[in-house]
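Participant: To start, I am sharing the structure in question, which I have written as structure tokens.
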């Protein structure tokens, strides 16, 4: 099989509008996985993918368990010695609230120009619908021109990445025999900046929990019971404030066990990255940065663990005043984990820490937790070199090996359950506003992404 | 005018079902003043009152300004030497949330038996619809039996007590010339317990404010920006925790300026009240009490100022997890004030305290504040003695002079704007769940209340 990559690349560039129409169609589906009311939209997204994959020539099924379905495709190369790739992406998206901050309907994709760059604005544009399509669309050109792929392929597209991936381990167990591959590819990460590609070499783990503090046994009138009743909002606030030291350390006992310093050569490569801290903070409306005082921004976001409160609620929150002492107050917590931090142990320590910081008789409920460990890859392997080379050809410079601040739980599962490494290649940009209002994906990311995958594929001939 | 009070009292007892039907009818009106959507229900309640008062023979008008209307009645005694009373009540009620905790529709009054006592369950049953009707219904028997009252009377029934009483000062200014009276009566307070009546001799003031902390300029992904972005929930929690010392003192500078110790004789009378602290705390589901460690429950709720968070919100609060660092977090605050505390000064100090406790570049918004001063009455006056005597006849023991934990802003306005003292006589009980789900008013409060007012009225012959 001889591949004319230049021919494929010019076809991709010519087809820009056609491929945008495909993305546009996909983005209209409201596949919000965390809100039960959108379950049928998740199914719609799965069916849309199945149709697309079947059309380009891949055997595809929809796998169903209790949660949102998984779309699974297989392709067997005729050539005995060919490599087997496993690709993973997720078709589910984050909720859209606060809806009032969107400039257009999150599910009516709009082409805008932001800072001189054309981009498509919609929920999921970057995370992960736009990104996963770069891979799937690149495949099309190989079938179209050669009727085959130069490698064997397995594709897993899940619909629960944003809500805990409950179905995935069941699927992986069910399909264990079919899933062996040489390497996994995931397209859910970013570039260093719009001119500098990146491969993510490590990912922080994630731990989530919700805590509810119960003070009085019912809502009370603050005039009658103020000064006597334990206000759960105050108690919850005091707990949260005790979690952080004044210099930004997390005070949960044992929190930093298993956290090691990054190697000197990695630190050096980070120090050489083009980076303006003032601009970086400015972009998010800040003058100073939070977190550990003695750490750089790269350390804080790539190699250090975090403890964040993602939501808080309690008492009267509508318009006006209500002189109430609420019965309960709740906070939603997530921690980013690194190195060898043990999520189970940390969760236990969080529970004990919170329980030991409430007065006698005050109840504490934990509403369900979930976690995955942090992960690091060996960047010396064949697949990292091949990918790095293809990326360099497309973007004119070698990708930087960055750390990932976010968590992609599937990568840990591939490692522990299938014993498989993952190459994380993605084309998202820092200002894509993923999980925020007005999420977008640059056209340069989309078209450059499709071209990059075509180049990577052509290396496996 | 010779009044046969025993005759009136037996009529009242015979009419229990009739008078309950009147209350029932009034409670069905959803006059929630804090939520703009219920404005027409507030008007409905005002019209209901006007009809009732007109029917019993009082000249009544509906006064309208920008907010919810005020119902105003006048009655001029033919006897030159008669006293003039001014009565105040409010027909508006608190919101009903959380609706899921109600055992019946808050606006479909239900008769229940709680701890062996018959009571009527509905929003406003105790605060203040049931209470104000005790006064208005007692009047009926005087007109019915004698065609007149033994005193002159002015009645003000407002619809904004639960939302800041904006219309009232405008009305008082407009009607200044008409409102002169010897004393004001308000029925919006409680008994010591179901067998022990009370007159409230002091009221705490109220200060309300809402604070919003703005961290990043938009919601951020906690994987990308966790450990770097200032999480406004953390910052707000830290501010709240700094407000309270470990021994329960409020740490806002100058907060206790103008707070004096209660007189020894009042302290002594409090120490003689039948009171079981364990039971009291048990009833609200607590083992210990919050607030200043070195103060009794009576001091904490009657003579000491408080600082409460009535509501808190920020970030993702729906089902499941969203790995977001929110742009903002908000808290609704109210303080109860006592003695000579200066609300304006305290508010300024709260603003400075909060602003000085956020990192550089973090924005703080205050969303609008409101306040009224604390107040104390001279219990040696004629009207306190007359009322006390009538109350003793009805309940078999003299009323205790208690402190009021809550605030009734109108009482301060009567003092400062009309230079008039107020006798606070009410029949609510501690377990009436006012401002909470399943608010109720005991039949013994309702009927005993009507009888008490009839006895008070008969003293003015």
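Protein chains in written order, with my numbering: chain C, 5 to 465; chain V, 5 to 465. All C-beta atoms, glycine included, are put in the ideal place defined by N, C-alpha and C.
Whole-angstrom Cβ separation of residue 417 of chain C and residue 172 of chain C, contact assumed at under 8 angstroms?
Facilitator: Rounded, the Cβ-Cβ distance is 6 angstroms, consistent with contact.
Participant: Could one say the Cβ of residue 439 of chain C lies closer than 8 angstroms to chain V's Cβ atoms, at least one of them?
Facilitator: Judged by the 8 angstroms Cβ criterion, residue 439 of chain C is in contact with chain V.
Participant: Taking 8 angstroms as the CB-CB limit, is residue 315 of chain C close to chain V?
Facilitator: Residue 315 of chain C counts as touching chain V.
Participant: With three or more C-beta pairs closer than 8 angstroms as the rule, is the region 94 to 111 of chain V touching the region 36 to 56 of chain V?
Facilitator: Yes: at least three Cβ pairs fall under 8 angstroms.
Participant: In this structure, does DSSP put residue 42 of chain C in helix, strand or coil?
Facilitator: Helix.
Participant: Please check if any C-beta of chain V sits within less than 8 angstroms of the C-beta of residue 118 of chain C.
Facilitator: It does not; no Cβ of chain V falls within 8 angstroms.
Participant: By the three-class DSSP mapping on this structure, what secondary structure does residue 202 of chain V have?
Facilitator: Note: residue 202 of chain V maps to strand in three-state DSSP.
Participant: Could you check where the alpha helix (DSSP H) with residue 84 of chain C kicks off and where it finishes?
Facilitator: Careful: residue 84 of chain C lies outside any alpha helix (DSSP H) and carries neither H nor E.
Participant: Would you mind reading off the limits of the beta strand (DSSP E) that contains residue 333 of chain C?
Facilitator: Where residue 333 of chain C is concerned, the enclosing beta strand (DSSP E) stretches over 332 to 341.
Participant: Would you call the region 131 to 146 of chain C in contact with the region 449 to 463 of chain C, where contact means no fewer than 3 C-beta pairs closer than 8 angstroms?
Facilitator: They touch, by the three-pair rule.
Participant: Quick one: measure Cβ to Cβ for residue 131 of chain V and residue 438 of chain V, integer angstroms, because I've assumed they're closer than 8 angstroms.
Facilitator: The pair is a contact, with the Cβ atoms about 4 angstroms apart (cut-off 8 angstroms).
Participant: Based on Cα-Cα distance, which residue from V/256, V/84, V/458, V/20 lies nearest to residue 397 of chain V?
Facilitator: Of the listed residues, the one whose Cα sits closest to residue 397 of chain V is V/458.
Participant: Counting contacts by CB-CB distance shorter than 8 angstroms, is residue 190 of chain V in contact with chain C?
Facilitator: So, not an interface residue.
Participant: With DSSP as the reference, label residue 310 of chain C as helix, strand or coil.
Facilitator: Looking at residue 310 of chain C - three-state DSSP - the assignment turns out to be strand.
Participant: Just the C-alpha distance for residue 192 of chain C and residue 414 of chain C, rounded to the nearest angstrom, thanks.
Facilitator: Cα to Cα, the separation comes out at about 11 angstroms.
Participant: Step through the CB atoms of chain V and report whether any lies within less than 8 angstroms of the CB of residue 322 of chain C.
Facilitator: Yes, its Cβ sits closer than 8 angstroms to a Cβ of chain V.
Participant: Looking at the C-beta of residue 220 of chain C, does it have a partner C-beta in chain V at a distance below 8 angstroms?
Facilitator: With 8 angstroms as the cut-off, residue 220 of chain C counts as an interface residue toward chain V.
Participant: Determine the closest residue to residue 110 of chain V out of V/189, V/32, V/239, V/281, with distance taken between C-alpha atoms.
Facilitator: Of the listed residues, the one whose Cα sits closest to residue 110 of chain V is V/32.
Participant: Listed in chain order, which residues of the region 296 to 314 of chain V have Cβ atoms closer than 7 angstroms to some Cβ of chain C?
Facilitator: Of all residues in the region 296 to 314 of chain V, 301, 304, 305, 308, 310, 312, 313, 314 have a Cβ within less than 7 angstroms of some Cβ in chain C.
Participant: May I ask you to list, following chain order, the residues of the region 247 to 278 of chain V that have a beta carbon less than 7 angstroms from some beta carbon of chain C?
Facilitator: Within the region 247 to 278 of chain V, the qualifying residues are 248.
Participant: Alpha carbon to alpha carbon, what distance is there between residue 299 of chain C and residue 351 of chain V?
Facilitator: Computed Cα separation, rounded: 38 angstroms.
Participant: Identify the residues that DSSP records as bridge partners of residue 507 of chain C: which are they?
Facilitator: No statement about residue 507 of chain C is possible, as the shown extent of chain C runs from 5 to 465 and does not include it.
Participant: Grab the span of the beta strand (DSSP E) containing residue 114 of chain C for me, first residue to last.
Facilitator: Residue 114 of chain C -> beta strand (DSSP E) spans 114 to 118.
Participant: Within 10 Å of its beta-carbon, does residue 323 of chain C have 16 or more other beta-carbons around it, so buried, or fewer, so exposed?
Facilitator: Classification for residue 323 of chain C: exposed.
Participant: Does DSSP classify residue 454 of chain V as helix, strand or coil?
Facilitator: Residue 454 of chain V falls in the helix class under three-state DSSP.
Participant: Between the beta-carbon of residue 187 of chain V and the beta-carbon of residue 427 of chain V, is there less than 8 angstroms?
Facilitator: Yes; because the gap between Cβ atoms is below 8 angstroms, this pair is in contact.
Participant: Which residue wins for smallest C-alpha separation from residue 256 of chain C, given the options C/120, C/312, C/207, C/266?
Facilitator: Of the candidates C/120, C/312, C/207, C/266, the one whose C-alpha sits nearest the C-alpha of residue 256 of chain C is C/312.
Participant: Enumerate in chain order the residues of its own chain whose CB-to-CB distance from residue 123 of chain V is below 7 angstroms, with the five nearest sequence positions on each side excluded.
Facilitator: Contacts found: 116, 444, 445, 446, 447.
Participant: Determine the extent of the alpha helix (DSSP H) in which residue 291 of chain C is found, giving its start and end residues.
Facilitator: Run containing residue 291 of chain C: none; DSSP gives neither H nor E here.
Participant: Starting from the Cα of residue 464 of chain C, find the closest Cα among C/77, C/42, C/41, C/88 and give me that residue.
Facilitator: Answer by Cα proximity: C/88.
Participant: Determine the contact status of residue 185 of chain V and residue 406 of chain V, defining contact as a CB-CB distance below 8 angstroms.
Facilitator: Not closer than 8 angstroms, so no.
Participant: For residue 34 of chain V, which of helix, strand or coil comes out of DSSP?
Facilitator: Here residue 34 of chain V sits in coil by DSSP.
Participant: With a threshold of 16 other CB atoms inside 10 Å of the CB of residue 112 of chain V, please say whether the residue is buried or exposed.
Facilitator: Exposed.
Participant: How about residue 224 of chain V and residue 342 of chain V: do their beta carbons lie closer than 8 angstroms?
Facilitator: Not closer than 8 angstroms, so no.
Participant: Starting from the beta carbon of residue 235 of chain C, find every residue of chain V whose beta carbon is closer than 9 angstroms, and list them in chain order.
Facilitator: The answer, in chain order, is 294, 312, 313, 314.
Participant: Should residue 105 of chain V go down as buried or exposed, given a rule of 16 or more other Cβ atoms within 10 Å for buried?
Facilitator: Counting Cβ neighbours within 10 Å, residue 105 of chain V comes out exposed, since fewer than 16 surround it.
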